[in-house]
Amino acid sequence: MSVTRRTVLSGALGGALAAPFLAQFGGTAFGATPNATWGTVSSGWVELRYSSEALAQFDHLHAVVEHIAPATAITENGTTVGARFPIHSATGNPALTNLPQAEGNALLDGGVMVRAPMGQFTFTQLRPTLDNELASCTYTVNGVESSGQSLLRCGASQGRLLAHPVPAGQPLSIRIERVPVYPTTESLAAFASAFGTPTFTVDTVLAYLTAEAVYNPPRA
-13 MSVTRRTVLS GALGGALAAP FLAQFGGTAF GATPNATWGT VSSGWVELRY SSEALAQFDH
47 LHAVVEHIAP ATAITENGTT VGARFPIHSA TGNPALTNLP QAEGNALLDG GVMVRAPMGQ
107 FTFTQLRPTL DNELASCTYT VNGVESSGQS LLRCGASQGR LLAHPVPAGQ PLSIRIERVP
167 VYPTTESLAA FASAFGTPTF TVDTVLAYLT AEAVYNPPRA
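Numbered according to the working numbering, the sequence shown terminates at residue 206, and the numbering increases by one at each position without gaps.
Written as structure tokens, this is what we have:
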């Protein structure tokens, strides 16, 4: 697969896949209602590395993408294999003792511009959300605000969590690695409507997410 084709994944799929992880620190959620028990994220990023199944599917689309700073491509040996998006802001409950219960909302910095035979699409103002391991997102595409519910399913319990103990109420540095992300029935139907029958199913891992952030607990 060419560098150009792999770059498609960093943008088109990358923008969507950012939602699940970010929401574990707090994201914009359909169904997740802010409350006094939620903390905030003062800094952080999310990194997405795509599965071979996802790369094979998107290679078929013959599209190219440019990252809108400060989002950046992840490359290995000159080949794009994923993307990184800074977290602009976020609120939520990371549920560190039970990751599948994480919920919240966030805003990502940067965006992507995708060029495909069907047209050109610019995605910005990505506002992902997570509730009950289902990721949704609002975003601006070509200047028009849009949204999608239950786009992806996040296998939070399958990831690796790293967090060093700190005194109660103090900021906590958190890292989570290799969280698998799966499509949902809704996203499969949307993909089929736009591009034709996909080669992946709801059991196919589309990407693995790794991220770091500083979580600030709510004030007592």
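Idealized CB from N, CA, C, for every residue including glycine.
The structure presented is a predicted model; accordingly, all values stated were derived computationally and were not measured.
- Sequence-distant partners of Arg139 (beyond 5 residues in either direction) whose C-beta falls short of 8 Å from its own C-beta, in its chain, are Pro6, Glu119, Leu120, Ala121, Val167, Tyr168, Pro169, Thr170, Val188.
- Nearest to Glu163 by C-alpha distance, out of Val130, Trp24, Gly141, Gly97, is Gly141.
- Contact annotation: Cys123 and Gly134 have beta-carbon atoms nearer than 7 Å.
- In this structure, DSSP gives Glu119 a state outside helix and strand, which the three-state scheme calls coil.
- Put simply, the backbone Cα of Gly25 is about 14 Å away from that of Ile73.
- A straight line joining the alpha-carbon of Arg70 with that of Phe181 spans about 25 Å.
- Counting the other CB atoms within 10 Å of its CB gives Gly155 a total below 16, which places it among the exposed residues.
- DSSP places Ser38 within a helical segment (H, G or I) once states are collapsed to three.
- Residue state for Gln106 is assigned as strand, using DSSP reduced to three classes.
- For Ser179, no beta strand (DSSP E) run applies; the uninterrupted alpha helix (DSSP H) run containing it begins and ends at 171 to 181, by DSSP.
- The C-alpha of His53 lies about 7 Å from the C-alpha of Ala59.
- Contact check for Ile160 against Ala199 passes: the beta carbons are separated by less than 7 Å.
- Unbroken beta strand (DSSP E) runs of no fewer than 3 residues, entirely contained in the segment 120 to 165, are found at 120 to 127, 130 to 140, 146 to 149, following chain order.
- By the Cβ neighbour-count rule, Val130 is exposed, with fewer than 16 other Cβ atoms within 10 Å of its own.
- In terms of CA proximity to Pro114, Ala92 leads the group Asn128, Ala92, Val127, Ala102.
- Relative to Asn128, the option among Leu112, Leu116, Ser75 whose CA is nearest is Leu112.
- At a Cβ-Cβ threshold of 7 Å, Met99 and Thr108 count as neighbours.
- Contact check for Ala57 against Gly96 passes: the beta carbons are separated by less than 7 Å.
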